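First the structure, in the form of structure tokens, and then the observations on it.
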Amino acid sequence: MFEDKLIDRITGITIVILSIIFYVLGYLTKIVALLNDVLSNVIELEVARYTTSILIAIPASLILLVVSIHAEEKWKKYLLAVFDCVLLIIILKAFNDVDFSKLTTISNYIDFSKRLFIPVLLSTMFFFLIEVFKKLKEEKTAASKQNIATIKQSVSESEQKLSELQATFNEIQSIIKEHKKLTCSDCQMTFHNQNALNAHKCKGKNEESNLVFLMDKAGELTMVSE
Ligand SMILES: [Zn+2]
Numbered sequence: 088m089f090e091d092k093l094i095d096r097i098t099g100i101t102i103v104i105l106s107i108i109f110y111v112l113g114y115l116t117k118i119v120a121l122l123n124d125v126l127s128n129v130i131e132l133e134v135a136r137y138t139t140s141i142l143i144a145i146p147a148s149l150i151l152l153v154v155s156i157h158a159e160e161k162w163k164k165y166l167l168a169v170f171d172c173v174l175l176i177i178i179l180k181a182f183n184d185v186d187f188s189k190l191t192t193i194s195n196y197i198d199f200s201k202r203l204f205i206p207v208l209l210s211t212m213f214f215f216l217i218e219v220f221k222k223l224k225e226e227k228t229a230a231s232k233q234n235i236a237t238i239k240q241s242v243s244e245s246e247q248k249l250s251e252l253q254a255t256f257n258e259i260q261s262i263i264k265e266h267k268k269l270t271c272s273d274c275q276m277t278f279h280n281q282n283a284l285n286a287h288k289c290k291g292k293n294e295e296s297n298l299v300f301l302m303d304k305a306g307e308l309t310m311v312s313e
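Counted from 1, the sequence shown has number 192 at position 105 by the working numbering; the numbering is strictly sequential.
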């Protein structure tokens, strides 16, 4: 049980959301760093340069997040992943000091590919992370819908039972009314029909009788006096 809970927590949607938030914050930092570098010749005042970079980086990072999650077309997500990879290549200066004419041996290529590995790895991981998030979100939505359907079903069953109880109550009231109609108001004796009540010669007061209602398995009510 403990292992199951631990696995659920480690692989649950909360951890995925946290990872996405950290990645987006990292993306924001990368854009700020890149813009700060690009704008260094344009805006000399450091505070103004950082402010501009941050103001551009915040919406850019949010766009990465929103488009990655909500874009219907797959190509938009692929394009963002490619841009993210290129951004990392630029930030990490993967191509700096690389003399392509000297890439002659396999070991040279392996050395160079190491510089490309991190950007490709990180951007691919973010792409997969978003896919996992979407899958978990869909599962959660499906579970919530199932819960709502179960609650609706039990509300409907309760309404049905309430309506049956209401019908029984109405039946009891109607029997009581009928019983009162055929009961002598002086001696409280009850008769099977109106003629018997009319022909009855009252001999004075009797003890009041109580009505008891019995319900059989089929739900039919029968009334007895005690
Ligand atoms: Zn009577």
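Cβ coordinates follow ideal geometry from the N, Cα and C atoms, glycine included. Fair warning: this is a prediction, and the values are worked out from it, not measured in the lab.
Residue i CB to nearest heavy atom of ligand 1 below 6 Å
i    : result
D273 : yes
M276 : yes
Supposed close pair residue i, residue j - CB separation, criterion 8 Å
i    : j    : result
I156 : L175 : Contact flag wrong, Cβ pair sits at about 20 Å.
T139 : I150 : At roughly 17 Å, the Cβ-Cβ gap does not stay under 8 Å, so T139 and I150 are not in contact.
S148 : I108 : Contact doesn't hold; Cβ gap of about 10 Å is too wide.
H287 : M276 : 7 Å
Assigned secondary structure, residue i (DSSP; H/G/I helix, E/B strand, else coil)
i    : result
L208 : helix
L301 : strand
T138 : helix
T191 : coil
Own chain residues within Cβ distance below 7 Å of residue i, not counting five before or after
i    : result
V103 : L216, V219, F220 and L223
L167 : L151, V154 and S155
Neighbourhood of residue i by C-beta distance below 6 Å, restricted to the same chain and skipping five residues each side
i    : result
M212 : none
D171 : S210
Cut-off 8 Å between Cβ atoms - residues of its own chain near residue i, not counting five sequence neighbours on either side
i    : result
G291 : D273 and C274
N280 : L269
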